[in-house]
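Below is one structure; the comments refer to it alone.
Chains as they are written, first to last, in my numbering: chain A, 1094 to 1263; chain B, 1386 to 2375.
Encoded structure:
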């Protein structure tokens, strides 16, 4: 991956490379692009490039090349995630930075929405399994919407081997 | 009758010169003999002649008739309501008498004036008499017609011959091909001034046909009398009488003169003679007698209709029965019953006027019983099924069965929601009435299933209307389609090319063996969406919204909206694939989504949803209400309002606030708008309702950061740093500082000279004084106060001048205040200050932008005198090098003791090499220690001021700007480069 990083003049000097690297890390980590998904971590900076001083501002721009760990969810992918919010229409779950909505129509029919003592939850027909806030679920992504700054997905647990993995972590 | 016959025998073949009159007589006969089909009302046969002249039915005409009918009905009701008191009767009588008198006179005048006419008249009479006789004879023969066919034949024969001129047109008309009749021909058939005129006579409702017959009889009686008197005596000079079934309470009389009409209705019962017969203008004559055309509105059982008027106006209804002619229908609607009123009416009370519309809800047996309304089961003569009868109304499955004329309904294509709402009633009815074993509970899912079925039917209905060409237009390139019918059924493909005019869509099949493009009739294709597709709604309630498909049900897809986080049920045909996201309608007239709008002087809200003709507004009360444009007073543009948070910090729009109390406690969001009364509209990402907008009291919030340009009380606060405590506003700070505040003073100079007042605030040049004489606060210069007061103020504000000076470009006018400001407070009224607080440097403003990832934020410089270590929180002193001046020893803090003392690891210190530790340790009270001056490029910790660092955080002292200020970079946040007074820096040795 490549990125042009701008560095103000006061950083010029001995520690410049270090600052530049930090600057890059700060700029790209946690961002999201439609093509590559979320950039989780910069693993290596392969080339910092040569700085070019901008006329007028005195800042220098560096064409940097780096390697990183990215998280790009795909349709059909099965992810483990943590339930963040439960509504009548379904529940929201986060797989890291990636938010997934599981509609009630994509939850097995025997699950029923109730708002009990521990907040709203979906309870399975045999009362065995409950989807509550903070519990872990395994979800298959059926649809993805990619915005400039965010990826949002629709998931299903209406298939074999999908569903609740464990209770809420405390 | 026999003598008539003989007479007529002689006259056979003589056609009446006055055709209308003859027919009129015939009508009388037919009615008298009561042989003709029963129910064949006069207008069916009689106005035939008249109708021959009219061509195609015109809408205008029917409207006219309806209007008339309504008018009439109103009047009728009035009459009934008023009762027929004696006085009214009397006046009627008098009117009648007057009319009679007039008539007589006029007729006499008429006779006298125009003897020639009289002769003519006599001639006509003669002819007429013969015609009449002939007719009577024929009437008689009609007895012999045993069957309808015979009768029909007879009628045809009878009219064929002499109405040739009309027949052509007639046939054309019957075929409905008006186009073949030329305009000229049509015009030739229009009544002219030479024809008799048409008069409208008001009669009692329901008596129309009777009156028509009576006028006929009258005509006959007059004729007979004339014959007996040898051709002398008055006669009715009318040519026809007609009544129209659509026009209740009126009859038409065709005559040349108004007097003839008067004579004809003279002495008639149930004719409102007090109303003059109205002359129908020539132009309207044709329309007045056009028969209503029912072709356009015919309902089949199962059709969806909407009621046109009455209590159920606009309600969706389903046709359950229609009469053979299609004129009457029975519909089932969701009842709007007011049981209380029904019960009251049953008890004899009058109908309530102007009552509110009762909400629609399913019929409930228990409720009906509660009000003492008897229920009974009967078999509907219309439906042939068991229905429930209550207070004269019939119910089935909770729906009201309502018989109506087709004219009172209109065909509609219901939306999914409407159908669902309609069908759900059955569920409710089932649930409500479950005490009856005969009525099973219809489950919710049944209603849904039924709705889907209905929706599919509606779809199919739509499909029927669709031509292939139209169908082709519904697709666009790239659409995923499925072949719904035909031999390739269930084949999925993508649209590659569309030949709209042929109605053919070329699809690229999604199949491993089929690789060629297939041309397929657009009619056979349907749009195909799989779960997870991102789609856009192109029509209907949710038009413009985008979302992802979460479920698919034949024709209906459930779409999870991108923006509102709600689910929408949409017909598949209304969806298209799309990539972008949008919320659908965002504009409501001049207002846009998320605008702050003023509803009334006290109420304002934010638009959180836009529908076609209304918008949802989140009010300051926290409620969301539907508002129309008339409810919205105005849009509030970039409001200058600011709020104050729980710590009296200024809150502007764009600030990030944390909500600390109330329903939304714990949430954090960006302030979208500041409304009156210290309300904030905050956008929270984790709130699903109202687009994430919530309304909170500013007092229950805490500003945690925000707009870089804020020039408010918490000016020096660095980005993203949490507020650590109450930050008083400048004048609040001053209140504590200046001894003058709260005192009563007299202004000695200036415009307010000799005013007395209380000092509210003070700064280095001004004081704010609340005047006693006037209810206002004025700002007064120090020099306008008395000498003593000036001295007090001077001592307050000007005494301890800072001993160092900062470059003005960076620091602005800040140092002027540093002596009294404990924590770099920015006074509100910067305009008063030398330099002003608005003079934040450009560097500062650009601080938050990406291009310049560092910023210099001012930290209030402290007085230059060495500060004792005891001024700082001991918790921050770890690893800080201190100087014990009484011992002339340097040491690094290695341990912090609870009794305000620290243990130092002693060492040597020089400004160049920094601190070199030794192993020796000593414990000293912080009182006795000073901070060691940090070395350039060494590590430091900011121990005080606004930028105070926490715990073991470190900064790097990049350079000294001057003797008293250093440039410090925060190692935790590389973007932060701050100017910090050296005395606040502790030299840290790791």
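All C-beta atoms in this analysis are idealised placements derived from N, C-alpha and C, irrespective of residue type, glycine included. As the structure is a prediction and not an experimental result, all values here were calculated from the model.
Check whether residue i and residue j have beta carbons under 9 Å apart
| i | j | result |
| --- | --- | --- |
| residue 1717/B | residue 1787/B | yes |
| residue 2167/B | residue 2156/B | no |
| residue 1184/A | residue 1194/A | yes |
| residue 2174/B | residue 2125/B | yes |
| residue 1990/B | residue 1978/B | no |
| residue 1603/B | residue 1800/B | no |
| residue 2057/B | residue 2074/B | no |
| residue 2083/B | residue 2064/B | yes |
| residue 1643/B | residue 1661/B | yes |
| residue 1132/A | residue 1157/A | no |
| residue 2352/B | residue 2344/B | yes |
| residue 1763/B | residue 1774/B | yes |
| residue 2262/B | residue 2371/B | yes |
| residue 2048/B | residue 2007/B | yes |
| residue 1973/B | residue 1992/B | yes |
| residue 2054/B | residue 2028/B | no |
| residue 2046/B | residue 2059/B | no |
| residue 1234/A | residue 1176/A | no |
| residue 1596/B | residue 1626/B | yes |
| residue 1120/A | residue 1096/A | yes |
| residue 1259/A | residue 1199/A | no |
Neighbouring residues, chain A, relative to residue i (Cβ below 8 Å)
| i | result |
| --- | --- |
| residue 2345/B | Within 8 Å Cβ-Cβ: nothing; residue 2345/B doesn't reach chain A, min ~14 Å. |
| residue 1804/B | Near residue 1804/B there are no residues of chain A at all, since even the closest Cβ is about 19 Å away, more than 8 Å. |
| residue 2362/B | 1103 |
Whole-angstrom C-beta distance between residue j and residue i, which should lie under 8 Å
| i | j | result |
| --- | --- | --- |
| residue 1895/B | residue 1915/B | At roughly 11 Å, the Cβ-Cβ gap does not stay under 8 Å, so residue 1895/B and residue 1915/B are not in contact. |
| residue 1691/B | residue 1794/B | 7 Å |
| residue 2080/B | residue 2030/B | Between residue 2030/B and residue 2080/B the Cβ distance is about 15 Å, and since that is not below 8 Å, they are no contact. |
| residue 2268/B | residue 2317/B | 5 Å |
| residue 2280/B | residue 2288/B | 4 Å |
| residue 2291/B | residue 2321/B | Contact flag wrong, Cβ pair sits at about 23 Å. |
| residue 1166/A | residue 1127/A | Rounded, the Cβ-Cβ distance is 12 Å, inconsistent with contact. |
| residue 1653/B | residue 1599/B | 6 Å |
Amino acids of chain A, ordered along the chain, whose beta-carbon sits closer than 7 Å to that of residue i
| i | result |
| --- | --- |
| residue 1895/B | Ordered by position in chain A, no residue passes the 7 Å Cβ test against residue 1895/B, which lies about 16 Å from the chain. |
| residue 2321/B | The contacting residues do not exist; residue 2321/B stays about 13 Å from chain A at best. |
| residue 2281/B | What residue 2281/B touches in chain A: nothing, since even the nearest Cβ is about 31 Å away. |
Partners in chain B for residue i, counting only beta-carbon separations shorter than 7 Å
| i | result |
| --- | --- |
| residue 1238/A | 1919, 1933, 1947 and 1966 |
| residue 1247/A | 1917, 1933, 1935 and 1945 |
| residue 1160/A | By Cβ distance, chain B contributes nothing, its closest Cβ being about 22 Å from residue 1160/A, past 7 Å. |
| residue 1242/A | Near residue 1242/A there are no residues of chain B at all, since even the closest Cβ is about 12 Å away, more than 7 Å. |
| residue 1235/A | 1916 and 1917 |
Residues that residue i contacts on chain B, provided the C-beta gap is smaller than 9 Å
| i | result |
| --- | --- |
| residue 1168/A | 1917 |
| residue 1230/A | Those do not exist, as residue 1230/A stays about 16 Å from chain B at its closest Cβ, beyond 9 Å. |
Chain-ordered chain A contacts of residue i [CB-CB under 9 Å]
| i | result |
| --- | --- |
| residue 1952/B | 1182, 1183, 1196, 1197 and 1198 |
Residue i Cβ short of 8 Å to the ligand HEM heavy atom set
| i | result |
| --- | --- |
| residue 2324/B | In the structure on display, the ligand HEM does not appear, and there are no ligands present to speak of. |
Chain B contact residues for residue i, given Cβ-Cβ distances below 8 Å
| i | result |
| --- | --- |
| residue 1267/A | No information on residue 1267/A is available, as it lies outside the stretch 1094 to 1263 that chain A covers here. |
Requested in this report: Scan the stretch 1906-1922 of chain B for residues whose Cβ lies nearer than 9 Å to a Cβ of chain A and list them as they occur along the chain.
Outcome: Those residues of the stretch 1906-1922 of chain B that come within reach of chain A (Cβ to Cβ, closer than 9 Å) are 1915, 1916, 1917, 1918 and 1919.
Query raised in the report: Which ranges does the alpha helix (DSSP H) cover as unbroken runs of at least 4 residues, wholly within the stretch 1955-2036 of chain B, from first to last along the chain?
Result: Runs of the alpha helix (DSSP H) inside the stretch 1955-2036 of chain B: none found.
Query - Length-filtered (4 minimum) alpha helix (DSSP H) runs lying within the stretch 1706-1757 of chain B - result: Along the stretch 1706-1757 of chain B, the alpha helix (DSSP H) occurs as fully enclosed runs of 4 or more residues at 1724-1731 and 1750-1755, listed in sequence order.
Report task. Go through the stretch 1899-1941 of chain B residue by residue and report every complete run of the beta strand (DSSP E) that reaches 3 residues or more, in order. Result -> The DSSP assignment places 1903-1906, 1910-1912, 1919-1922 and 1931-1938 as complete runs of the beta strand (DSSP E) inside the stretch 1899-1941 of chain B, in order along the chain (cut-off: 3 residues).
Requested in this report: With 8 Å as the C-beta to C-beta threshold (strictly closer), list the residues of the stretch 1194-1228 of chain A near chain B in chain order.
Outcome: For the stretch 1194-1228 of chain A, the set of residues with a beta-carbon nearer than 8 Å to any beta-carbon of chain B comprises 1194, 1196, 1198 and 1199, in chain order.
Requested in this report: Counting only runs of 4+ residues fully inside the stretch 1604-1664 of chain B, write out the alpha helix (DSSP H) ranges in chain order.
Outcome: Listed in chain order, they are 1643-1650.
Query raised in the report: Can you list, in chain order, the residues of the stretch 1135-1155 of chain A whose Cβ is nearer than 8 Å to any Cβ on chain B?
Result: Within the stretch 1135-1155 of chain A, the qualifying residues are 1150 and 1152.
Query raised in the report: Taking a cut of 9 Å between CB atoms, which residues from the stretch 2071-2088 of chain B lie near chain A?
Result: Here the close residues are 2071 and 2073.
**Report entry** Residues of the stretch 2018-2050 of chain B with Cβ closer than 9 Å to any Cβ of chain A, in chain order
**Finding:** Correct list: empty, as no residue qualifies.
Requested in this report: Name, going along the chain, the residues of the stretch 1861-1881 of chain B whose beta-carbon falls closer than 8 Å to a beta-carbon of chain A.
Outcome: Taking 8 Å as the cut-off between beta carbons, none of the residues of the stretch 1861-1881 of chain B comes near chain A.
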